[in-house]
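**Q** Here it is: the structure, laid out below.
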Amino acid sequence: MVVTRFAPSPTGYLHIGGLRTALFSYLWAKQNNGRFVLRIEDTDKKRNSQEATDAILKAFQWLGLKHDGEITYQSQRDEIYAKYIKQLLEQDKAYKCYMTKEELTELRETQMANKERTMYNGKYRDFDGVAPEGIEPVIRIKAPLSGEILVRDGVKGDVSFQAQDILDDFVIARSDGAPTYNFVVAIDDYLMGINEVIRGDDHLSNTPKQIVIYEALGFEIPKFYHVPMIHNSKGKKLSKRDGATDVMAYKEMGYKPEALLNFLVRLGWSHGDQEIFNMAEMQELFNPKDINKSASIYNTEKLDWLNAHYIKNSSNNELAELLTDYDLVLTSHDKKEILLDAIKDRAKNLQEMADMAKEILSTPTSYDKKAVKKAFKDESIPILNTFGAKLSNSESCHLPTDYHSLMQEVVDEMKIGFGKIGMPLRVALLGKMTGPGIDVVMAVIGKDETMQRIANAIAANS
RNA sequence: GGCCCCGUCGUCUAGCGGUUAGGAUCCAUGGUUUUCAUCCAUGUUACAGGAGUUCAAUUCUCCUCGGGGUCACCA
Numbered sequence: 212m213v214v215t216r217f218a219p220s221p222t223g224y225l226h227i228g229g230l231r232t233a234l235f236s237y238l239w240a241k242q243n244n245g246r247f248v249l250r251i252e253d254t255d256k257k258r259n260s261q262e263a264t265d266a267i268l269k270a271f272q273w274l275g276l277k278h279d280g281e282i283t284y285q286s287q288r289d290e291i292y293a294k295y296i297k298q299l300l301e302q303d304k305a306y307k308c309y310m311t312k313e314e315l316t317e318l319r320e321t322q323m324a325n326k327e328r329t330m331y332n333g334k335y336r337d338f339d340g341v342a343p344e345g346i347e348p349v350i351r352i353k354a355p356l357s358g359e360i361l362v363r364d365g366v367k368g369d370v371s372f373q374a375q376d377i378l379d380d381f382v383i384a385r386s387d388g389a390p391t392y393n394f395v396v397a398i399d400d401y402l403m404g405i406n407e408v409i410r411g412d413d414h415l416s417n418t419p420k421q422i423v424i425y426e427a428l429g430f431e432i433p434k435f436y437h438v439p440m441i442h443n444s445k446g447k448k449l450s451k452r453d454g455a456t457d458v459m460a461y462k463e464m465g466y467k468p469e470a471l472l473n474f475l476v477r478l479g480w481s482h483g484d485q486e487i488f489n490m491a492e493m494q495e496l497f498n499p500k501d502i503n504k505s506a507s508i509y510n511t512e513k514l515d516w517l518n519a520h521y522i523k524n525s526s527n528n529e530l531a532e533l534l535t536d537y538d539l540v541l542t543s544h545d546k547k548e549i550l551l552d553a554i555k556d557r558a559k560n561l562q563e564m565a566d567m568a569k570e571i572l573s574t575p576t577s578y579d580k581k582a583v584k585k586a587f588k589d590e591s592i593p594i595l596n597t598f599g600a601k602l603s604n605s606e607s608c609h610l611p612t613d614y615h616s617l618m619q620e621v622v623d624e625m626k627i628g629f630g631k632i633g634m635p636l637r638v639a640l641l642g643k644m645t646g647p648g649i650d651v652v653m654a655v656i657g658k659d660e661t662m663q664r665i666a667n668a669i670a671a672n673s
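Rendered as structure tokens:
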């Protein structure tokens, strides 16, 4: 069974980089009828918070991603890690190091001055003397001093590291006994049965260290897939101002979850020429072997296009429901179908869509100057009056076609072009020259409101 | 700086020795729409550079250049 995981450290909200690796992991597990588990990496007690964990869960919920089983918190697994540290100590695969921080800093500075690689010098590796007084030791692993460490990566291929280039006896437990990242990751991934690790390629150079742990403990090494980074438009790591914002901010901006997911799944992964993937298709088609090797640049153009696509293809019921989050309540509006049909093709996002609806639904308080000058001329007033009179006498105006016939009558009787009535009417009803079909607008706002707006416009612009 | 990864249109990508280098997005133009948007059509734009290997390189190898990641008692 395939078991994948998402293992964030709760130091902030979930952003799209994390979400993408979570999505990849999720899809791969689901496709294989496997499990997708969540582990919170909160071993650094100073830097993490419950709020951050809650924020991640909230984002998952919005996007419809569900983890399997209970959440594992590393902070609650101290005894487990202690057990393995003890074991390694007893097997002489790890040792206590009494070097002080000052001593370490000094060592490092000397190495830098000599242009050597900065690394621990193994001072206590084979120490059997009397431990210095008053120093709480850290625990270091006895890492191999030479030889090759091979990472068999499903995305990058085989990546080979030389032990002498990259390894030293790194710390696996701090002086306060708390275990460190590379140590607990290996233990937890093994204990949780995770056999396919999909994560950012910023972890690629950590992987040899984790392999050292796996081997010291005799654990089976999982399959790794290191996913390239997402960069900003300058090709640098994503920062808060250029996209690494809270995933929930995308909801506020009016993006639909399926658009965000579809956007992210295509960032670094592809399936031929296909662009549109619903969740079922993603689950069926995603395969980490098709992940790109190179980093991609984050850019909202395609996300906007996808979002517009998904909005256009949403049912009006769903849209009406979603729009309540953007301060637009349409549930009781009798012409909501007509309204929604009229604006769903025009909006890039739900926020914009809500604004359009509100604009149509509310009586204009001002009129665009250019629009008035261009389309609301003196000759327009008798035309509007004629139309108004017809409307006033009309008994059954409900649908756009009803209003359209009325406009047609005016055009025919006055022997004018359609534009002579269309544009002035548009300005009168919306205060500007752009928007949905004018007959549609009238149907949505109704006969009384239409006549009111015509009267308002004539009063204000003549 | 050491080590590691990467390099096809502006962007997301297809390609896996022989292609007019494909799609999508963006942009532009035209059509449809009384307007706007949608939709449809058309168009501009790419193999980082240099050596090899080969009958043939975007594709394989090496070098250069460029970009990124990582080198903690952070994760």
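So for the first sequence, my numbering puts the first residue at 212; every next one is plus one.
The beta-carbon is built from N, C-alpha and C at its ideal position, and this holds for glycine as well.
(1) Pick helix, strand or coil for residue 390, following the three-state DSSP scheme.
(2) Distance check for residue 547 and residue 527, CA to CA, integer angstroms please.
(3) Please identify the residue among 543, 499, 608, 552 whose C-alpha is closest to the C-alpha of residue 174.
(4) Quick one, which of 374, 641, 274, 553 has its alpha-carbon nearest residue 358's?
(5) If you follow the beta strand (DSSP E) that residue 437 is in, where does it begin and where does it stop?
(6) Quick check: residue 510 and residue 444, are their CB atoms within less than 8 angstroms of each other?
(7) Measuring alpha carbon to alpha carbon, tell me which of 586, 613, 601, 659 ends up nearest residue 630.
(8) For residue 632, which residues in the same chain have their Cβ closer than 7 angstroms to its Cβ, ignoring the five residues on either side in sequence?
(9) Within 8 angstroms, do at least three Cβ pairs link the region 253-271 to the region 213-232?
(10) Alpha carbon to alpha carbon, how far is residue 308 from residue 346? Give it in angstroms, no decimals.
(11) Could you give the distance in angstroms between the alpha-carbon of residue 708 and the alpha-carbon of residue 627?
(12) Where does the unbroken beta strand (DSSP E) through residue 335 begin, and where does it stop?
(13) Using the C-alpha atoms, what's the distance from residue 666 back to residue 446?
(14) Tell me, which residues are paired with residue 409 by DSSP?
(15) In whole angstroms, what is the alpha-carbon distance linking residue 637 and residue 580?
(16) Helix, strand or coil for residue 220, going by three-state DSSP, please let me know.
(17) Does DSSP classify residue 275 as helix, strand or coil?
(18) Beta-carbon within less than 7 angstroms of residue 642's beta-carbon, same chain only, minus the 5 sequence neighbours each way: which residues are those?
(19) Start and end of the alpha helix (DSSP H) containing residue 372?
(20) Between which two residues does the beta strand (DSSP E) containing residue 363 stretch?
(21) Quick check on DSSP: helix, strand or coil for residue 526?
(22) In the structure shown, what three-state DSSP assignment does residue 540 receive?
(23) For the putative contact between residue 439 and residue 412, defined by C-beta atoms under 8 angstroms, what is the C-beta separation to the nearest angstrom?
(24) Would you please state the rounded distance, in angstroms, between the beta carbons of residue 474 and residue 530? I believe it to be under 8 angstroms.
(25) Does the region 301-316 come close enough to the region 271-279 to have 3 or more Cβ pairs within less than 8 angstroms?
(26) In angstroms with no decimal places, state the Cα-to-Cα distance between residue 417 and residue 227.
(27) Output yes or no for whether 8 angstroms exceeds the beta carbon distance between residue 362 and residue 430.
(28) Using 8 angstroms as the threshold, is the region 337-352 in touch with the region 372-386, meaning 3 or more CB pairs across them?
(29) Please go through the same chain and pick out, in chain order, the residues whose beta-carbon is closer than 6 angstroms to the beta-carbon of residue 647, but skip the five residues on each side of it.
(30) Check whether the region 288-306 and the region 393-401 are in contact - that is, three or more C-beta pairs closer than 8 angstroms.
(31) Tell me which residue opens and which closes the alpha helix (DSSP H) that residue 250 is part of.
(32) If you drop the 5 nearest sequence neighbours on each side, which residues of the same chain put their C-beta closer than 8 angstroms to that of residue 615?
(33) Taking all protein chains shown into account, decide if residue 326 is buried (16 or more other Cβ within 10 angstroms of its Cβ) or exposed.
**A** Put simply:
(1) On the first sequence, residue 390 is found 179 positions in, with the first residue counted as 1. Residue 390 carries a strand assignment under DSSP once its states are collapsed to helix, strand and coil.
(2) Against the first sequence, residue 527 aligns to sequence position 316. Against the first sequence, residue 547 aligns to sequence position 336. Spanning the two alpha carbons is a distance of roughly 8 angstroms.
(3) Absent from the model: residue 174. The displayed extent of the chain is 212 to 673, so no value can be given.
(4) Walking along the first sequence from the start, residue 358 turns up at place 147. Ranked by how close their Cα comes to the Cα of residue 358, the residues 374, 641, 274, 553 have 374 in first place.
(5) Residue 437 sits at position 226 when you count from the first residue of the first sequence. For residue 437, the enclosing beta strand (DSSP E) has its first and last residue at 434-438.
(6) By 1-based counting over the first sequence, the position of residue 510 is 299. By 1-based counting over the first sequence, the position of residue 444 is 233. Yes; because the gap between Cβ atoms is below 8 angstroms, this pair is in contact.
(7) In the first sequence, counting from the first residue as 1, residue 630 sits at position 419. When C-alpha distances from residue 630 are compared across 586, 613, 601, 659, the shortest belongs to 586.
(8) Your numbering for residue 632 matches position 421 in the first sequence. Cβ within range, chain order: 594, 598, 618, 621, 622.
(9) Here the region 213-232 lies against the region 253-271, with 3 or more beta-carbon pairs under 8 angstroms apart.
(10) Against the first sequence, residue 346 aligns to sequence position 135. Against the first sequence, residue 308 aligns to sequence position 97. Whole-angstrom Cα-Cα distance: 9 angstroms.
(11) With the chain covering only 212 through 673, there is no way to say anything about residue 708.
(12) Locating residue 335 in the first sequence gives position 124, counting from the first residue. For residue 335, there is no enclosing beta strand (DSSP E), as DSSP gives it neither H nor E.
(13) Stepping through the first sequence from its first residue, residue 446 is reached at position 235. Stepping through the first sequence from its first residue, residue 666 is reached at position 455. Rounded to whole angstroms, residue 446 to residue 666 spans 56 angstroms at the Cα level.
(14) For the purposes of this step, residue 409 is taken as residue 198 along the first sequence, with counting starting at 1. Partner(s): 436.
(15) Within the first sequence, the letter at position 426 stands for residue 637. Within the first sequence, the letter at position 369 stands for residue 580. Cα to Cα, residue 637 sits roughly 14 angstroms from residue 580.
(16) On the first sequence, residue 220 is found 9 positions in, with the first residue counted as 1. Residue 220 falls in the coil class under three-state DSSP.
(17) The sequence position of residue 275 within the first sequence is 64, counting from 1. DSSP places residue 275 in coil when its eight states are reduced to three.
(18) For the purposes of this step, residue 642 is taken as the residue at position 431 of the first sequence. Result list for residue 642: 575, 577, 578, 579, in chain order.
(19) Locating residue 372 in the first sequence gives position 161, where the first residue counts as 1. For residue 372, there is no enclosing alpha helix (DSSP H); the residue is found in the beta strand (DSSP E) stretching over 368-373.
(20) For this step, residue 363 is matched to residue 152 along the first sequence. Unbroken beta strand (DSSP E) run through residue 363: 359-364.
(21) Counting from one through the first sequence, the residue named residue 526 turns up at place 315. Residue 526 falls in the coil class under three-state DSSP.
(22) Taking the first residue of the first sequence as 1, we reach residue 540 at position 329. Reduced to three states, the DSSP call for residue 540 is coil.
(23) In the first sequence, residue 439 corresponds to position 228, counting from 1. In the first sequence, residue 412 corresponds to position 201, counting from 1. Right, their Cβ atoms sit about 5 angstroms apart.
(24) Residue numbering aside, residue 474 sits at position 263 when the first sequence is read from its first letter. Residue numbering aside, residue 530 sits at position 319 when the first sequence is read from its first letter. In this structure residue 474 does not touch residue 530 by the C-beta definition: roughly 19 angstroms separates them, more than the 8 angstroms allowed.
(25) They do not touch, by the three-pair rule.
(26) On the first sequence, residue 417 is found 206 positions in, with the first residue counted as 1. On the first sequence, residue 227 is found 16 positions in, with the first residue counted as 1. If you take the alpha carbons of residue 417 and residue 227, they lie about 22 angstroms apart.
(27) Here residue 362 refers to the residue found at position 151 of the first sequence. Here residue 430 refers to the residue found at position 219 of the first sequence. In this structure, residue 430 does not lie closer than 8 angstroms to residue 362 by Cβ.
(28) Yes: the two stretches touch, three or more of their Cβ pairs being nearer than 8 angstroms.
(29) As a working note, residue 647 is residue 436 in the first sequence. The answer, listed in chain order, is 553.
(30) Between the region 288-306 and the region 393-401, the count of Cβ pairs shorter than 8 angstroms is three or higher; the stretches touch.
(31) Sequence index remark: in the first sequence, residue 250 carries index 39 (1-based). Taken as a continuous stretch (DSSP letters only), residue 250 belongs to no alpha helix (DSSP H), being part of the beta strand (DSSP E) at 246-251.
(32) Within the first sequence, residue 615 is the residue found at index 404, counting from 1. In chain order, 650 place their CB closer than 8 angstroms to the CB of residue 615, counting only its own chain and leaving out the 5 sequence neighbours on each side.
(33) Here residue 326 refers to the residue found at position 115 when the first sequence is read from its first residue. Label assigned to residue 326: exposed.
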